[in-house]
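Colleague:
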Amino acid sequence: MSLQSKVETLETNGLEKAEIVRIDQRHLIHPQHHPSEHLNPHVWVGGDGVTLTSLDGKSYIDGLSGMWNVYVGHGRRELAAAAWRQLTELSFATAYAGSTHKPAVELAEKLKLLVYPDIEAFYFTLGGSDATDTSIRTARFFWSAQGRPEKFKIISRRLSYHGSTVGAAAATGVEEFSSVFGPRANGFLQIDTPYPYRFRTERKDVSPGVAAADLLEEVILREGPETVAAFIAEPVQGGGGGVIVPPADYFPRIREICDRYEVLFISDEVITGFGRTGHWFALEHWGVTPDILQFAKGITSGYFPLGGVGVSGAIKQVMDSVPAERRWMHGYTCSAHPAGCAVALANIRILEEEKLVEWAARQGKRLLGKLKLLGDRPHVGDVRGLGLLAGIELVADKATGERYPPDSGIGKKVRNALFSRGLLTRLIDETICLAPPLVIGDDDIDRIVDIVGEAIVEVTETGR
Ligand SMILES: Cc1ncc(COP(=O)(O)O)c(C=O)c1O
Numbered sequence: 402m403s404l405q406s407k408v409e410t411l412e413t414n415g416l417e418k419a420e421i422v423r424i425d426q427r428h429l430i431h432p433q434h435h436p437s438e439h440l441n442p443h444v445w446v447g448g449d450g451v452t453l454t455s456l457d458g459k460s461y462i463d464g465l466s467g468m469w470n471v472y473v474g475h476g477r478r479e480l481a482a483a484a485w486r487q488l489t490e491l492s493f494a495t496a497y498a499g500s501t502h503k504p505a506v507e508l509a510e511k512l513k514l515l516v517y518p519d520i521e522a523f524y525f526t527l528g529g530s531d532a533t534d535t536s537i538r539t540a541r542f543f544w545s546a547q548g549r550p551e552k553f554k555i556i557s558r559r560l561s562y563h564g565s566t567v568g569a570a571a572a573t574g575v576e577e578f579s580s581v582f583g584p585r586a587n588g589f590l591q592i593d594t595p596y597p598y599r600f601r602t603e604r605k606d607v608s609p610g611v612a613a614a615d616l617l618e619e620v621i622l623r624e625g626p627e628t629v630a631a632f633i634a635e636p637v638q639g640g641g642g643g644v645i646v647p648p649a650d651y652f653p654r655i656r657e658i659c660d661r662y663e664v665l666f667i668s669d670e671v672i673t674g675f676g677r678t679g680h681w682f683a684l685e686h687w688g689v690t691p692d693i694l695q696f697a698k699g700i701t702s703g704y705f706p707l708g709g710v711g712v713s714g715a716i717k718q719v720m721d722s723v724p725a726e727r728r729w730m731h732g733y734t735c736s737a738h739p740a741g742c743a744v745a746l747a748n749i750r751i752l753e754e755e756k757l758v759e760w761a762a763r764q765g766k767r768l769l770g771k772l773k774l775l776g777d778r779p780h781v782g783d784v785r786g787l788g789l790l791a792g793i794e795l796v797a798d799k800a801t802g803e804r805y806p807p808d809s810g811i812g813k814k815v816r817n818a819l820f821s822r823g824l825l826t827r828l829i830d831e832t833i834c835l836a837p838p839l840v841i842g843d844d845d846i847d848r849i850v851d852i853v854g855e856a857i858v859e860v861t862e863t864g865r
């Protein structure tokens, strides 16, 4: 019997969840798969605004916007309608050279108005990992096309997350994404991250932000600038570090160093793009422009898989001027999928019409302001955020910042305490990450903060 017919049959006798889970456990592989995490999974059946509903009828505040991506909230019919209209008119056409379609052209034209002024042209992917691979390959292509193929190394940062394809995982600064999959791809190097709560430097002559940025210069000089193609960084480190906001002087210094040594700067805005931090793109906070901008998630609010890369005029000019046999030989079948582009356009329209970027800035202040009040609790080490991204880092010893031992299971206990109170979040190590939909109202923000406070007290103070 198919899953659909089993569900239909079982819906009448109340056993449906157990059966769905049994089939799932046998036949479905999940991102970051492990059965110990999947003994009693949520089975989601509905979503509306900032709320998700599970098969057992319970409602949860979606404190992470799905997977940091459902910016405009769940259940938006405008986005379903945009996909339906496009799929019934032109469901698919290749975007390979020699062929194009209106939704892709309109999206590129629209993005040109929203992104950093120097970003000139766009390539659309299916998500963030392939956007990272596209950026890396484009940076290497840029130098190789100009007769400098030895300029191929990619520098990234520890605790970064850039995706799970071979190239993106090699740039990712969390060891577990590489260690069980054999050797890392060649030509990837990492520097320490500007983590204000934990970054330490011996240097007294400059600020910690500048000292952290200067680590990039050190590695470029050590390796030889003629070997380094690009530096890739998330403006706010999300999925690897647990919402790490850099000091304000970090990225301006990074830009200077990249310029000095002819290293392209790739801004990975898969989490921070499209208004999440209260600006359309996050480097705007610090007046910095990248050479390559990559995005995914918020561009469609998760209603269709789409990501992409925007490149500077200089890069586009190189792409346009190489001989055909040395072309940018890169491409995906579903690149610039018509429905993805149509959904992205409709999603951007909502962001604009509902002024959600400004709203994210306002609601982010409310969220962070209230979370900061939890900073007095004995095991809250750090509370940080930018726009509607926030992290609350729990520590064993507040005076020294010492972490909980790895086998304490504290993260899991906190997550369960949050779930049981109706809040969905993600814990990165012992940091509770929050990134609610941009449409969130005051009451839901206050509810999130109340739940986080109660869960922290329950797990870290009463020891349950
Ligand atoms: C900064 C960043 N880059 C890249 C990715 C990978 O994106 P995707 O999961 O769409 O492949 C993610 C995913 O969380 C991300 O946060």
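For my numbering, add 401 to where a residue sits in the sequence shown, where the first one is 1.
Backbone N, C-alpha and C define an ideal beta-carbon position, used for all residues, glycine too.
Model, not experiment: these values are computed from the prediction.
1. Compute the distance between the beta-carbons of I751 and K511, then report whether it is under 8 Å.
2. Three-state secondary structure (DSSP) at Q695?
3. Residues in the same chain with beta-carbon distance under 7 Å from I793, minus the five sequence neighbours each way, listed in chain order, please.
4. If you reduce the DSSP assignment to three classes, tell me which class H475 lands in.
5. Please look up how many angstroms separate the CB atoms of F675 and F696, rounded, as I've assumed it's under 8 Å.
6. Give a yes or no on whether the C-beta atoms belonging to L825 and L453 are separated by under 8 Å.
7. When you compare the CB positions of R677 and G699, do they come within less than 8 Å of one another, or not?
8. DSSP three-state call for G703: helix, strand or coil?
9. In angstroms, rounded to a whole number, what distance separates the CA positions of L787 and Q638?
10. For the beta strand (DSSP E) that contains F682, what are its first and last residues?
11. Look at the alpha carbon of E490 and the alpha carbon of H738, and state the distance between them as a whole number of angstroms.
12. For the region 683-692 against the region 486-506, are there 3 or more C-beta pairs whose distance is under 8 Å?
13. Can you tell me the Cα-Cα spacing of T690 and F523, whole angstroms?
14. Under a three-way DSSP split, which group does Q591 fall into?
15. Please report the residue range of the alpha helix (DSSP H) in which S668 lies.
16. Return the first residue and the last residue of the beta strand (DSSP E) that Y524 is part of.
17. Between which two residues does the beta strand (DSSP E) holding R785 run?
18. Using only Cβ atoms and a threshold of 7 Å, which residues come within that distance of a heavy atom of ligand 1? Order them by chain position.
19. Can you tell which of P837, D843, R601 and A570 has the C-alpha that lies nearest to the C-alpha of V451?
20. Determine whether the beta carbon atoms of R559 and T594 lie at a separation below 8 Å.
21. Is it buried or exposed for R654, if we count other Cβ within 10 angstroms and need 16 for buried?
22. Measuring straight from C-alpha to C-alpha, what distance separates D808 and A509?
23. Taking only the alpha-carbon atoms, compute the straight-line gap between L828 and D721 and give it to the nearest angstrom.
24. Taking DSSP as the reference, what is the three-state secondary structure of I849?
25. Give a yes or no on whether the C-beta atoms belonging to A634 and D669 are separated by under 8 Å.
26. Work out the CA separation of H475 and V446 for me, nearest whole Å.
27. Based on the DSSP output, what are the partners of S460 in its beta bridges?
28. Quick check on DSSP: helix, strand or coil for S713?
29. Can you tell which of Y497, D615 and D519 has the C-alpha that lies nearest to the C-alpha of R661?
30. Do you know offhand how far G564's Cα is from G842's?
31. Taking the alpha-carbon positions, what's the N470 to P706 distance?
32. Going by C-alpha to C-alpha distance, which of P636, L429, D847 and G810 sits closest to V860?
33. Would the region 794-806 count as touching the region 477-486 if we require 3 or more Cβ pairs under 8 Å?
34. Under the rule that 16 or more other beta-carbon atoms within 10 Å means buried, what is G770, buried or exposed?
Modeller: Looking at the coordinates:
1. In the sequence shown, residue 751 corresponds to position 350, counting from 1. In the sequence shown, residue 511 corresponds to position 110, counting from 1. Contact flag unset, no.
2. Locating residue 695 in the sequence shown gives position 294, counting from the first residue. Strand, per DSSP.
3. Here residue 793 corresponds to residue number 392 of the sequence shown, with the count starting at 1. So the qualifying residues of the chain are L772, L775, V781, V784, T832, I833 and V853.
4. Counting from one through the sequence shown, the residue named residue 475 turns up at place 74. If DSSP states are grouped into helix, strand and coil, H475 belongs with the strands.
5. Reading the sequence shown from its first residue, position 274 is the one you call residue 675. Reading the sequence shown from its first residue, position 295 is the one you call residue 696. Sure, about 7 Å apart at Cβ, within 8 Å.
6. Within the sequence shown, numbered from 1, the residue matching residue 825 stands at position 424. Within the sequence shown, numbered from 1, the residue matching residue 453 stands at position 52. In contact: L825 and L453 (Cβ atoms closer than 8 Å).
7. Reading the sequence shown from its first residue, position 276 is the one you call residue 677. Reading the sequence shown from its first residue, position 298 is the one you call residue 699. For R677 and G699, yes; Cβs fall inside 8 Å.
8. Here residue 703 corresponds to residue number 302 of the sequence shown, with the count starting at 1. Reduced to three states, the DSSP call for G703 is coil.
9. To locate residue 787, count along the sequence shown from 1; it is residue 386. To locate residue 638, count along the sequence shown from 1; it is residue 237. Using only the alpha carbons, I get a separation of about 11 Å.
10. Residue 682 sits at position 281 when you count from the first residue of the sequence shown. Careful: F682 lies outside any beta strand (DSSP E) and carries neither H nor E.
11. Here residue 490 corresponds to residue number 89 of the sequence shown, with the count starting at 1. Here residue 738 corresponds to residue number 337 of the sequence shown, with the count starting at 1. About 13 Å.
12. no
13. Taking the sequence shown and counting its residues from 1, one reaches residue 690 at position 289. Taking the sequence shown and counting its residues from 1, one reaches residue 523 at position 122. T690 and F523: Cα-Cα distance of roughly 16 Å.
14. Numbered from 1 along the sequence shown, position 190 holds the residue referred to as residue 591. If DSSP states are grouped into helix, strand and coil, Q591 belongs with the strands.
15. Locating residue 668 in the sequence shown gives position 267, where the first residue counts as 1. First-last for S668: L665 to D669, but that is the beta strand (DSSP E), not the alpha helix (DSSP H).
16. Counting from one through the sequence shown, the residue named residue 524 turns up at place 123. Counting along the chain, the beta strand (DSSP E) containing Y524 begins and ends at I520 to T526.
17. Within the sequence shown, the letter at position 384 stands for residue 785. First-last of the beta strand (DSSP E) with R785: V781 to L787.
18. M468, W469, G528, G529, S530, D531, A532, T533, Y562, H563, G564, S565, A569, E635, G639, G640, D669, V671, I672, A697, K698 and G708
19. What you label residue 451 is simply residue 50 of the sequence shown in a count that begins at 1. With distances taken between Cα atoms, V451 lies closest to P837.
20. Within the sequence shown, the letter at position 158 stands for residue 559. Within the sequence shown, the letter at position 193 stands for residue 594. Result yes, Cβ atoms of R559 and T594 sit closer than 8 Å.
21. Numbered from its first residue, the sequence shown carries residue 654 at position 253. Buried, by the Cβ-count rule.
22. For the purposes of this step, residue 808 is identified with residue 407 of the sequence shown, where counting begins at 1. For the purposes of this step, residue 509 is identified with residue 108 of the sequence shown, where counting begins at 1. So the two alpha carbons sit approximately 48 Å from each other.
23. Residue mapping note: residue 828 aligns to position 427 of the sequence shown, counting from 1. Residue mapping note: residue 721 aligns to position 320 of the sequence shown, counting from 1. C-alpha separation (whole angstroms): 44 Å.
24. Here the question's residue 849 lines up with position 448 in the sequence shown. I849 falls in the helix class under three-state DSSP.
25. Residue 634 sits at position 233 when you count from the first residue of the sequence shown. Residue 669 sits at position 268 when you count from the first residue of the sequence shown. Cβ distance < 8 Å, so A634 and D669 count as in contact.
26. Here residue 446 refers to the residue found at position 45 of the sequence shown. Here residue 475 refers to the residue found at position 74 of the sequence shown. Going from the Cα of V446 to the Cα of H475 covers about 12 Å.
27. Residue 460 sits at position 59 when you count from the first residue of the sequence shown. For S460, which the question treats as bridged, DSSP gives the partners T454.
28. Within the sequence shown, residue 713 is the residue found at index 312, counting from 1. Correct three-state label for S713: strand.
29. As a working mapping, residue 661 is identified with position 260 in the sequence shown. With distances taken between Cα atoms, R661 lies closest to D615.
30. Within the sequence shown, residue 564 is the residue found at index 163, counting from 1. Within the sequence shown, residue 842 is the residue found at index 441, counting from 1. Each residue's Cα considered, the two are about 31 Å apart.
31. Within the sequence shown, the letter at position 69 stands for residue 470. Within the sequence shown, the letter at position 305 stands for residue 706. Roughly 11 Å between the two C-alpha positions.
32. If you number the sequence shown from 1, residue 860 lands on position 459. Nearest C-alpha to V860: G810.
33. no
34. Position 369 of the sequence shown, counted from the start, is the residue given in the question as residue 770. The residue in question, G770, is exposed, as its Cβ has fewer than 16 Cβ neighbours within 10 Å.
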